[in-house]
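Colleague: Protein chains in written order, with the numbering used here: chain G, 159 to 420; chain P, 159 to 420. Yeah, the Cβ is synthetic: ideal placement off N, Cα and C, and Gly gets one too. Handing you a structure now.
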């Protein structure tokens, strides 16, 4: 099975997710709270259920790990990682900044990654060795010269996310040292970093499925992706990540107290 | 001249602005710094120049106050207030969250207001006594019951804007007291408040043209708009405003130390 075919199938999954989200949103989502008090809607569940069924029919030997249902075939070399709706707060409030994240890993290495924004009509996708795209346009990140770094927009998660990792001080310093810090929350910030409309995203408290497509998207676009924090273990592990244009990412690594290899 | 006709003309101006922005963005904007170091592009200038010409041809007796050029006929009863591009940082970075703001006031009272988002293809507009719309859909804000207030999204400007008014402490308290504080900067936050997808916007350091359409949009949608701070005088006056669903606005007025009439 070629990377190209696997990526084509990831895009079929994203098409199907988009169709379900759009048709269900017309009716209005019903929201309930999960055990951790985070909100989940009937749309999240419907999308993940459908994607799991499609994957199991086409690739019965593959594993699946998704946000809403138990893990399937954890030992399989190929693992599909699914976040049916990333940005549920946006979805439940009628804001279009939520997406479906689909990642395929082979023995832990990303093969295909998709972030689809059903209400924006935008899809960011990448395949290992083949490139990254927004819809049909190839994404190629241009790094910034040092003198232009202050003009870049940096997207950061809520201060409370950093505080949980003991990094509230680093967050506060970032606000003082950099002029354009904004919050493009959830997957839209990751997509913007791959596109280069922002210099980088620094996101703390994300789980495996939140970043299932980000590394491949950013790296295939020519950017840098680093995991700078880990907390907890197993599927509950929370990460701190920085991704975007290489110079901006390395500058942020220094702000957040991470020794970079350069 | 009826309110309806004046509002139709405001929409003609917005059509023309959208056409100019879209055609010039294809070439890429050229950016320079104004005296106050804020960025201005050739697109800002081209849009304001064209809107001024159209207004002067159709209503030679009306006044015009715009962000980029000197005031015209300051004593006229009808005043057009123009911000050709609100959200220049978004425009210069390739993000679609910038808009053209057009307001018409008669003896200080708003008659028509438009916020047009050329890249999103969305127009928020309102006419005194006739209602508020997003494109062709009428906007009607539903107020929130007290128990649901914590679920509302509140959009706030950068902390530095509040600090300038001595309100950094109120901003910090807001972050501690309310879970969903996000930054939908510039006019998109005002438009979202009129639409009700966020509970309210609190924006400090805005000038006359930044809020030229906001009061009418929010009030015609059934919301509440208040100016809570003023600093400086004349066209350089900077305001602090809160706008959105009445209960959320009143709650924010208390957070920012403003005595509300109720």
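Closest Cβ-Cβ distance between residue 340 of chain P and chain G: below 7 angstroms?
Modeller: Taking Cβ atoms only, chain G reaches closer than 7 angstroms to residue 340 of chain P, which makes this a yes.
Colleague: Within 10 angstroms of the Cβ of residue 233 of chain P, are there 16 or more other Cβ atoms? Answer buried if so, exposed if not.
Modeller: Per the 10 Å Cβ criterion, exposed.
Colleague: Please look up how many angstroms separate the CB atoms of residue 253 of chain P and residue 339 of chain G, rounded, as I've assumed it's under 8 angstroms.
Modeller: Wrong, their Cβ atoms sit about 14 angstroms apart, outside the cutoff.
Colleague: What residues in the region 245-272 of chain G have a beta carbon less than 8 angstroms from any beta carbon of chain P?
Modeller: For the region 245-272 of chain G, which is checked against every Cβ of chain P, the residues closer than 8 angstroms are 247, 251, 252, 253.
Colleague: Can you tell me whether residue 300 of chain G is helix, strand or coil according to DSSP?
Modeller: Three-state result, residue 300 of chain G: coil.
Colleague: Considering only residues of the same chain and omitting the five flanking positions on each side of residue 285 of chain P, which have a CB-CB separation below 6 angstroms?
Modeller: So the qualifying residues of the chain are 161, 165, 270.
Colleague: Please confirm whether residue 351 of chain P and residue 402 of chain P have their CB atoms less than 7 angstroms apart.
Modeller: Yes; because the gap between Cβ atoms is below 7 angstroms, this pair is in contact.
Colleague: Counting contacts by CB-CB distance shorter than 7 angstroms, is residue 385 of chain G in contact with chain P?
Modeller: It does not; no Cβ of chain P falls within 7 angstroms.
Colleague: I want to see whether chain G comes within less than 7 angstroms of residue 163 of chain P, judged by CB atoms only; does it?
Modeller: No - not a single Cβ of chain G is within 7 angstroms of the one on residue 163 of chain P.
Colleague: How about residue 414 of chain P and residue 376 of chain P: do their beta carbons lie closer than 7 angstroms?
Modeller: The answer is no: Cβ separation not under 7 angstroms.
Colleague: Check whether the Cβ of residue 198 of chain P lies closer than 7 angstroms to any Cβ atom in chain G.
Modeller: Not closer than 7 angstroms to any Cβ of chain G, the Cβ of residue 198 of chain P fails to qualify, so no.
Colleague: Between which two residues does the beta strand (DSSP E) harbouring residue 268 of chain G extend?
Modeller: 267-275 is the span of the beta strand (DSSP E), which, as asked, contains residue 268 of chain G.
Colleague: Use the C-beta contact count for residue 263 of chain G: other C-beta atoms within 10 angstroms, 16 or more gives buried, fewer gives exposed.
Modeller: Buried, by the Cβ-count rule.
Colleague: Below 9 angstroms between beta carbons is the criterion; list the residues of the region 304-321 of chain G that meet it against any residue of chain P, in chain order.
Modeller: Going along the region 304-321 of chain G in chain order, one finds 309, 310, 311, 316, 317, 318 with a Cβ nearer than 9 angstroms to chain P.
Colleague: With 16 other CB atoms within 10 Å as the buried threshold, where does residue 215 of chain G fall?
Modeller: Looking at its Cβ environment, which holds fewer than 16 other Cβ atoms inside 10 Å, residue 215 of chain G is exposed.
Colleague: For residue 266 of chain P and residue 200 of chain P, what's the separation of their Cα atoms in angstroms?
Modeller: If you take the alpha carbons of residue 266 of chain P and residue 200 of chain P, they lie about 30 angstroms apart.
Colleague: How would you list, in chain order, the residues of chain G whose beta-carbon sits under 8 angstroms from the beta-carbon of residue 153 of chain P?
Modeller: The structure shown does not extend to residue 153 of chain P, since chain P spans only 159 to 420, so no value can be given for it.
Colleague: Looking at the secondary structure, which residues open and close the beta strand (DSSP E) in which residue 395 of chain P lies?
Modeller: Unbroken run through residue 395 of chain P: none, as it is neither H nor E.
Colleague: If you reduce the DSSP assignment to three classes, tell me which class residue 181 of chain G lands in.
Modeller: DSSP places residue 181 of chain G in helix when its eight states are reduced to three.
Colleague: Using 10 angstroms around the beta-carbon of residue 304 of chain G, count the other beta-carbons present and answer buried if the total reaches 16, otherwise exposed.
Modeller: Counting Cβ neighbours within 10 Å, residue 304 of chain G comes out exposed, since fewer than 16 surround it.
Colleague: Using a Cβ cut-off of 8 angstroms, which residues of the region 342-353 of chain G contact any Cβ in chain P, in chain order?
Modeller: Flagged, chain order: 343, 350, 353.
Colleague: Given that residue 333 of chain P touches chain G, what residues does it touch there, using C-beta distances under 7 angstroms?
Modeller: 317, listed in chain order.
Colleague: Considering residue 313 of chain G, what are the terminal residues of the alpha helix (DSSP H) in which it resides?
Modeller: Element bounds for residue 313 of chain G: not the alpha helix (DSSP H) but the beta strand (DSSP E), 312-314.
Colleague: Taking the C-alpha atoms as reference points, what is the distance between residue 183 of chain P and residue 373 of chain G?
Modeller: If you take the alpha carbons of residue 183 of chain P and residue 373 of chain G, they lie about 30 angstroms apart.
Colleague: Note down, in chain order, each residue of its chain lying with its Cβ closer than 7 angstroms to the Cβ of residue 191 of chain G, except the 5 sequence neighbours on either side.
Modeller: So the qualifying residues of the chain are 197.
Colleague: Going by beta-carbon coordinates alone, are residue 272 of chain G and residue 168 of chain G separated by less than 7 angstroms?
Modeller: Result yes, Cβ atoms of residue 272 of chain G and residue 168 of chain G sit closer than 7 angstroms.
Colleague: Enumerated in chain order, which unbroken segments of the beta strand (DSSP E) with a length of 3 residues or greater are wholly contained in the region 338-378 of chain G?
Modeller: The region 338-378 of chain G contains these whole beta strand (DSSP E) runs: 358-364.
Colleague: Just the Cα atoms here: how many angstroms apart are residue 218 of chain P and residue 186 of chain P?
Modeller: Answer to the nearest angstrom: the Cα atoms are 33 angstroms apart.
Colleague: Does DSSP classify residue 404 of chain P as helix, strand or coil?
Modeller: The answer is helix: DSSP assigns residue 404 of chain P an H, G or I state.
Colleague: Compute the Euclidean distance between the alpha carbons of residue 320 of chain G and residue 359 of chain G, then round it to the nearest angstrom.
Modeller: Each residue's Cα considered, the two are about 13 angstroms apart.
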